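FYI, in the UniProt record's numbering the residues of the sequence shown are 1 to 367. In this text, a Cβ means the ideal position worked out from N, Cα and C, and glycines have one as well. Note that the coordinates shown come from a computational prediction; the quantities given were computed from them, not determined experimentally.
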Amino acid sequence: MPIAEIYGPDDFADRPKGQATPTPVAPARSGPTLPRPSLEWTGEVERATAPIYERVKHVIPAIEWPLMAPTIHAINQLKRERNAVILAHNYQAPEIFHGVADIGGDSLQLAVEATKVKADIIVQCGVHFMAETSKLLNPDKTVLIPDTRAGCSLAASITGADVRLLREKFPGLPVVAYVNTSAEVKAEVDICCTSSNAVQVVESLNAPRVIFLPDRYLATYVASKTDVKIIAWKGACEVHERFTGEELRAFRDADPSVQIIAHPECPPDVLAEADFTGSTAHMINWVRERRPKRLVMITECSMADNVRAELPDVEMLRPCNLCPHMKRITLAKILESLLTLGEEVTIDPALAGRARRSVERMINLKN
């Protein structure tokens, strides 16, 4: 069914002015700083990184590898020295996702895996709300994000005050927040979800109406898969909302045999043209199982590189929309983060306790 109602910042006359206030982040630590390693291309570096290059050779030109490999080698050594683990979202560039990450995946996978790590330090290669989620689930560990400016248009579209206004307008209705939200917002909702489990989460509440925020397009997709009436928020991903159904039809006109898969954060006219719709993890599994000859993957385009590195026989036709926030995370910044232990993510304990409950309720939801 269609979305029952949709609201946004302009629909509340008494909404506090200004943008969402980011959760405080500690300044970069000045110590204990480790000595800066040599970043020369040597025979030792070449030998040590050869297995990594074998994984990415289809997506990283050989001429570029000597520029990346020394930093990759240094990061992998520093991880052991710091007892650190690197989590990388599927949208990270191949040299990060395949080169230095210990755990890769979508936001649900990273949220779950963050609870299992034994390392003292978590380096989150993703955007800020992901680092916050890792900190919520690992309050006694040091969580670092290599660039605090790695934000998210969805997370920036709504505040904790907005959630409180929605609760006033719809008293008693359960509120579901996509994980692409700040800890401040997570603290005000009943349960979180990801694109992998959004429909399951909504239906688990056993309510005829549910407030679902902040992605209007994911809300539309969820509404089409359930009888629950969805009250949505007017947020959108700046990467996915740029795709159009017309763009996809042009790919089919050029090659009717091409397969198209899309993320549910895309507009409805895009999903209507797709052969499959799913989260990043579901999209990757679909490609692994189907092995299409030619594929258009409608999501952040670094994921296409990461999939092609694993499945080089699949030809990717890429309408390339890059996430400017994800691309703030670089090898150089990851190295700096491990050397200096910056930037550390901190969350007010009183807020963290409430936010943690909504995330843990999602993780503990029975299949």
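Check	Outcome
Bridge partners - residue 359, DSSP secondary structure assignment	Its beta-bridge partners do not exist; DSSP assigns none.
DSSP-derived helix/strand/coil call for residue 142	strand
Where the alpha helix (DSSP H) through residue 229 begins and ends	Unbroken run through residue 229 is the beta strand (DSSP E), 229-233; no alpha helix (DSSP H).
For residue 125, the residue or residues it bridges with in DSSP	88
Neighbour-count burial assignment, residue 118, 16 or more Cβ in a 10 Å radius	exposed
Residue 165 beta carbon less than 8 angstroms from that of residue 175	no
Nearest candidate by alpha-carbon position, reference residue 52, set 39, 71, 37	71
Close beta carbons around residue 45, own chain, < 7 angstroms, minus the five adjacent residues each side	69, 70, 73
Selection from 38, 83, 318, 56 that minimises the alpha carbon distance to residue 341	83
Span separating the alpha-carbon of residue 7 from that of residue 124	32 angstroms
Cα-Cα separation between residue 249 and residue 216, rounded to whole angstroms	23 angstroms
Any 3 or more C-beta pairs closer than 8 angstroms across the region 344-356 and the region 131-140	yes
Contact belief for residue 173 with residue 211 at Cβ below 8 angstroms, rounded distance in angstroms	5 angstroms
Rounded C-alpha distance that separates residue 359 from residue 255	43 angstroms
Beta-bridge pairing of residue 295 - partner residues as DSSP gives them	259, 316
Pick from 306, 312, 299, 94 that is closest to residue 322, judged by C-alpha positions	299
Residue 104 - containing beta strand (DSSP E), residue span	103-105
Cβ neighbours of residue 30 in the same chain (closer than 6 angstroms, five flanking residues each side left out)	Because residue 30 sits at a pLDDT of 43, beneath the cut-off of 50, its placement in the model cannot be relied upon, and the point is left open.
Pairwise C-alpha distance: residue 101 and residue 54	16 angstroms
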